[in-house]
Amino acid sequence: MLSGATQGALATTLHGAEGRAGWRWAFIINGVCTITVALAAFFLLPGYPERPNPLSRFYLKPRHIEIALARARRVSRKPQIGITLKDFFRCFTFWQLWAFGIAWPLAGNTVPSNFFNLWLKSLRNPDGTKTYSVAMLNYIPIAGQAVQLVAEVLFSGASDYFRKRLPFLLLHSAINITSLVIFIISPESRAIHFAGYFLNYVGAVSMIILMAWATENLQHEPQVRTMLFASGTVLAYVMSAFIPIAAFPAVEAPNWRIGSKLYLGFSIAATLIFFAIYYGLRWEARRMAKSETDDEVAGASDNNNEVTRIGNGEKAFG
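All the letters of the sequence shown, read from the start, carry residue numbers 31 to 348 under the working numbering.
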């Protein structure tokens, strides 16, 4: 949101300054901001409760760390530990790593709203002039990003409050698929197109819910959690770096041949994986419950045998 507002302002206030176009100034200032935030991360990111970032001590006090550790103990979450080569390969034997790691980029990267400004740029007035100025091309998508922010807070908050993940992921999928169908049909109505783009901004909320779902079901496997976050992030960035080049080339805007169709396929595939994860976790819970029951039965049987043996020994002694 800040980037869009900055670029919109630069397009009008710095255009022509020092012989540079406004969009060039936008790249320069965005680059400076990016480097600043990246450097600040070394001091602002807190690290893990067991291994806090020493550079964050200026705001992260010992009592804050103890609160985090107490919360982890309350839910019996194992602390983060290092990963050996053996542990690395062991992580890939967990089906949860594959399921969540694939669903993450598929569900979160199906957002053609990233190309909203290209569609806006193509719009024309009846006299053939452009409908929106360069500044407005940057300002209008801010409303969509605000929708995304509100949706992320509402979806993730409600998901945590009700302790349910699948229903909210399915609601996300329904909204996302609806927006993609609008893009594929490509109706004449600009209002419907706008609705499709603003709905599509909801498509990014799945990542937070998926990670919460994975974390609570892998709380006893810290190494698998670490590998999941790493692999999911890598896959998401790889997809967002290369797939849009083929799916949404700028020269085809705003009538992309395969873009929304491909993303619709991704979204449907992600929805199917959501169901697979849900039933897989139910199967896992039943298996663990059965294992615990079998252990209890075996323990009770051993105790009975011990009592019988002692009783027989007492009779023999008497």
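Just so you know, even glycine gets a beta-carbon here, dropped at the ideal spot from N, CA and C.
Among residues of its own chain, excluding the 5 on either side of residue i, which ones have a beta-carbon nearer than 8 Å to its beta-carbon?
{"i": "L201", "result": "F185"}
{"i": "D190", "result": "A242"}
{"i": "R220", "result": "L153"}
{"i": "W55", "result": "L40, L44, H45, A47"}
Taking residue i as the reference, give the member of the options with the closest Cα.
{"i": "W149", "options": "A137, D157, L136, V164", "result": "V164"}
{"i": "R17", "options": "V268, V254, I172, S189", "result": "This structure cannot settle anything about residue 17, because the visible part of the chain is limited to 31 through 348."}
{"i": "L179", "options": "P156, C63, S236, N168", "result": "S236"}
{"i": "I111", "options": "I97, P79, A234", "result": "P79"}
{"i": "K151", "options": "W134, Y169, G138", "result": "Y169"}
{"i": "W225", "options": "L99, I239, I205", "result": "Correcting the residue type first, residue 225 is Ala in the shown sequence and not Trp. Nearest option by C-alpha distance: I205."}
{"i": "I212", "options": "F198, F228, L199", "result": "F228"}
{"i": "F88", "options": "I97, R312, A98, F73", "result": "F73"}
{"i": "V105", "options": "L302, W286, E314, T245", "result": "T245"}
{"i": "L20", "options": "L302, A71, T123, I172", "result": "This structure gives no information on residue 20, because the portion of the chain shown stretches from 31 to 348."}
{"i": "E314", "options": "T301, N247, W286", "result": "N247"}
{"i": "A188", "options": "I238, I215, I65, V177", "result": "I238"}
Any idea which residues DSSP pairs residue i with across the strands?
{"i": "K160", "result": "R154"}
{"i": "P82", "result": "G77"}
Quick check: what's the CA-CA separation for residue i versus residue j?
{"i": "L40", "j": "G174", "result": "20 Å"}
{"i": "F192", "j": "L294", "result": "29 Å"}
{"i": "T323", "j": "R316", "result": "10 Å"}
{"i": "K345", "j": "M318", "result": "Its pLDDT being 48, under 50, K345 is placed unreliably by the model, and the measurement read from it follows with that caveat. Cα-Cα distance, rounded: 41 Å."}
{"i": "S203", "j": "S321", "result": "35 Å"}
{"i": "L258", "j": "A35", "result": "34 Å"}
{"i": "T263", "j": "P284", "result": "29 Å"}
{"i": "P76", "j": "K160", "result": "47 Å"}
{"i": "T256", "j": "Y162", "result": "45 Å"}
{"i": "H223", "j": "F146", "result": "10 Å"}
{"i": "L127", "j": "A299", "result": "17 Å"}
{"i": "C63", "j": "F57", "result": "10 Å"}
{"i": "P217", "j": "S209", "result": "12 Å"}
{"i": "G233", "j": "I59", "result": "28 Å"}
{"i": "A266", "j": "D157", "result": "42 Å"}
{"i": "E282", "j": "N144", "result": "15 Å"}
{"i": "V67", "j": "H250", "result": "33 Å"}
{"i": "F198", "j": "E182", "result": "11 Å"}
{"i": "F130", "j": "L240", "result": "7 Å"}
{"i": "K91", "j": "A260", "result": "28 Å"}
{"i": "G52", "j": "M166", "result": "13 Å"}
{"i": "R103", "j": "H94", "result": "14 Å"}
{"i": "Q37", "j": "R50", "result": "14 Å"}
{"i": "T42", "j": "I132", "result": "42 Å"}
{"i": "E96", "j": "A276", "result": "49 Å"}
{"i": "L395", "j": "A280", "result": "The requested residue 395 does not occur in the structure, where the chain is confined to residues 31 to 348."}
{"i": "I273", "j": "G138", "result": "13 Å"}
{"i": "R312", "j": "W134", "result": "20 Å"}
{"i": "R287", "j": "A176", "result": "29 Å"}
{"i": "I65", "j": "S270", "result": "21 Å"}
{"i": "R101", "j": "R81", "result": "15 Å"}
{"i": "K194", "j": "N155", "result": "47 Å"}
Leaving aside the five residues before and after residue i along the sequence, list all residues of the same chain whose C-beta is less than 6 Å from its C-beta, in chain order.
{"i": "F296", "result": "L136, T140"}
{"i": "I113", "result": "Q253"}
Looking only at its chain, what residues have a beta carbon closer than 7 Å to the beta carbon of residue i, apart from the 5 residues adjacent to it on each side?
{"i": "L196", "result": "F304, Y308"}
{"i": "P142", "result": "F213, N230, F278, G289, S290, Y293"}
{"i": "N83", "result": "L75, P76, G77"}
{"i": "G310", "result": "W125, A129"}
{"i": "P252", "result": "K108, P109, Q110, I111"}
Ordered list of alpha helix (DSSP H) runs contained in the region 250-320, each at least 4 residues: 252-277
Complete alpha helix (DSSP H) runs within the region 81-122 (minimum length 4 residues, chain order): 92-104, 115-121
Inside the region 215-251 only - alpha helix (DSSP H) runs reaching at least 4 residues: 220-230, 236-247
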